[in-house]
Amino acid sequence: MRRRLILFAIIALVLTTVASVCASQQSRGPGKASISGTVIGPDDKPVPRAAITYQSSSGTAPHATHADAHGRFTISNLQSDIYDIRASANGIFSEWEKNVMVRPGQQKTITLYLIYAKQMPKASGTPVKKKQ
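Here's what the structure looks like:
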């Protein structure tokens, strides 16, 4: 009888401990991810107030934010997903930083470099003639 009582007490203690650990992890949540970085211009200096555009692979609408006065930015509260990110300022763009994967609670750091286009894109289509 005494062995059964001790065994019952041990089982109850283990179940209570497991339940409390599970409850504390659920209330804390997995945590949101963030991506931070710096925008660097063609002159190799940080670009103040550059625009940063990003979109997730899950198809959510594109979002935008701005860098601070020192060219630094942070995109916080991100869901676990894969993101494409690009910066622009004064008509100059960076390449798309593609497939930036973030997981819950993860903090990624990237650098976006603004570059001049090698050539201007050609106009598509033919010019429209005016009727007289």
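Using this note's numbering, the letters of the sequence shown correspond one by one to residues 1497 to 1628.
Even for Gly, the Cβ is constructed at its ideal location relative to N, Cα and C.
These figures come from a predicted structure and were not determined experimentally.
Measure the C-alpha to C-alpha separation of Ser1572 and Thr1561 and round it to an integer number of angstroms.
Note on geometry: alpha-carbon atoms of Ser1572 and Thr1561 lie some 10 Å from one another.
Please confirm if the region 1529-1543 is in contact with the region 1575-1584, defined as three or more CB-CB distances below 8 Å between the two stretches.
yes
Per-residue DSSP class, three states only, for Arg1568
strand
So is Ala1565 buried or exposed if we call it buried at 16+ other beta carbons inside 10 Å?
exposed
Near Gly1527, which residues of its chain fall below 7 Å by C-beta distance, leaving aside the five closest residues on each side in sequence?
Only Pro1600 and Gly1601 meet the Cβ criterion.
Output yes or no for whether 8 Å exceeds the beta carbon distance between Ala1608 and Ala1583.
Correcting the residue type first, residue 1608 is Leu in the shown sequence and not Ala. By the CB criterion at 8 Å, Leu1608 and Ala1583 fall inside the cutoff.
Beta-carbon proximity of Pro1544 to Ile1588, cut-off 8 Å
no
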